[in-house]
Amino acid sequence: MVLNEAAGALDWMMDKSVVLGYSKLGPALRRAWWPADPAVGALVGRHVLVTGASGGLGLAAAGGLARLGAVVHLTGRDAGRLERARSSLLSEQPHAHVRVHVADVSDLAATASFARDFAAEVPSLHAVVHNAGVLPPKRTTTAEGHELTLATHVLGPHVLTYGLRDLLAGGRVVVVTSGGAYGQRLAADDPEYAVGDYFGVTAYARTKRMQLVLTRLWARDLASDGITVHSMHPGWADTPGVTESLPRFAALTRRLLRDAEAGADTAVWLTATADAIGTGGFWHDRRRRPTHYAPVGIETPEQVERFWAFVRAQTGVPARDEIFPSGA
Ligand SMILES: NC(=O)c1ccc[n+]([C@@H]2O[C@H](COP(=O)([O-])OP(=O)(O)OC[C@H]3O[C@@H](n4cnc5c(N)ncnc54)[C@H](OP(=O)(O)O)[C@@H]3O)[C@@H](O)[C@H]2O)c1
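So that you can map any letter, position 196 of the sequence shown is 195 in our numbering, and since no number is skipped, the others follow by simple counting.
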């Protein structure tokens with residue numbers, strides 16, 4: 000259904016209220032006016048890679064993509080969990096095409112190597128869904144020395160996207176970020192969260208803000224290859240990540256949480272829709288959303304340039320096109 004004025008106002012009010020929009024009420028009401036589902040068979044024969052798909056939203060997204068005919072590639076850090084995920088997907092969809100790959104996206108060297116192997120195995124890639132996420136209780140660094148949420152949500156996805164760039168030509172990149180990003184500014188001065196007391200939720204939300212900025216940068220940089228890039232947030236969904244990392248929040252919102260399929264819905268829709276949706280957008284429940292609720296705290300062009308230079312320097316991935324006239 001076309002979003003008429005009244006529905007638009009209700010949708011906006013739900014988004015601003017947070018609880019109404021982010022909870023299971025969000026999709027329950029919005030599906031009355033949100034854009035049509037992707038066509039049946041929209042992804043038949045197309046390969047889609049979903050990171051962090053051994054459970055939670057990643058597995059739900061993989062299920063939704065498989066239902067549309069995609070050959071889904073699930074990644075995660077643990078072979079046993081991935082095998083269980085594949086079995087559960089196949090028990091619901093026995094004819095689905097599902098492949099699993101052990102790949103830790105927080106390990107930059109291993110991610111570059113995974114991308115090379117994957118590109119040798121798969122003829123072309125319709126989309127990558129960057130879903131892998133963590134919320135560590137204390138500051139943790141990877142073997143390569145990066146703060147864990149930064150490596151998992153930002154640096155690893157950058158290595159993977161650019162490692163798959165040729166394979167992705169004409170395709171899509173979808174980033175699963177979080178409404179938590181609204182609470183944080185771009186930490187261009189301290190992306191590794193090396194200064195001050197460390198709080199896992201702050202690290203998580205800071206790197207989710209970085210994902211929003213990165214989405215726009217990738218959209219500009221990858222446009223010359225016909226690759227479109229969008230980010231989305233799932234609202235509040237009932238997943239192992241929420242119950243394990245945020246037990247108090249999960250207990251408080253238990254009756255309100257949407258199921259994983261509803262959380263993953265917009266990621267699936269962005270991957271498969273034939274609608275003209277441009278590039279560089281931030282979405283929730285199939286509607287473009289603002290990246291800031293208020294004009295305060297919006298990152299300056301100089302901060303964005305500094306962040307982009309940091310990501311490129313840390314990953315060693317050169318952009319092919321220069322997207323800043325001044326040359327960051
Ligand atoms: N659930 C929500 O309400 C909610 C809200 C906002 C945003 N999100 C976002 O949605 C995404 C999925 O969250 P979720 O709630 O489904 O979390 P989850 O249940 O904890 O699932 C996270 C997935 O990421 C994988 N993963 C973690 N680190 C990884 C790494 N280094 N390399 C590869 N895979 C890795 C995990 O698999 P292994 O442990 O097997 O590796 C698991 O499959 C995250 O990006 C999260 O920030 C979720």
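Heads up, the beta-carbon is just placed ideally off N, CA and C, and yes, glycines get one too. The structure presented is a predicted model; accordingly, all values stated were derived computationally and were not measured.
Distance from GLY169 to ARG115 at the Cβ level is roughly 20 Å; contact not present, criterion being Cβ atoms closer than 8 Å. Here DSSP, grouped into helix, strand and coil, assigns LEU163 to coil.
Relative to ligand 1, the beta carbon of ASP77 is positioned inside 6 Å of a heavy atom. Around the beta-carbon of HIS125, 16 or more other beta-carbon atoms lie within 10 Å, marking it buried. Excluding the 5 residues flanking it on each side, SER244 has same chain C-beta neighbours closer than 7 Å at LEU134, in chain order. By the neighbour-count criterion, in which 16 or more other beta carbons inside 10 Å mark a residue as buried, GLY79 falls on the exposed side.
Counting of Cβ neighbours within 10 angstroms places GLN92 among the exposed residues, the total staying below 16.
Taking the Cα positions, LEU19 is about 5 Å away from MET13.
Ranked by how close their Cα comes to the Cα of THR265, the residues SER53, HIS96 and HIS229 have HIS229 in first place. Not one heavy atom of ligand 1 is found less than 6 Å from the C-beta of TRP268. In the DSSP annotation of this structure, SER230 is not part of any alpha helix (DSSP H); the continuous beta strand (DSSP E) holding it starts and ends at 227-231. Taking 7 Å as the cut-off, the beta carbon of ARG257 is found closer than this to the beta carbon of ALA236. At a threshold of 6 Å, ARG247 does not count as near ligand 1, since its beta carbon sits no closer than that to any of the ligand's heavy atoms.
In terms of Cα proximity to PHE309, the closest of GLU4, SER112 and LEU149 is LEU149.
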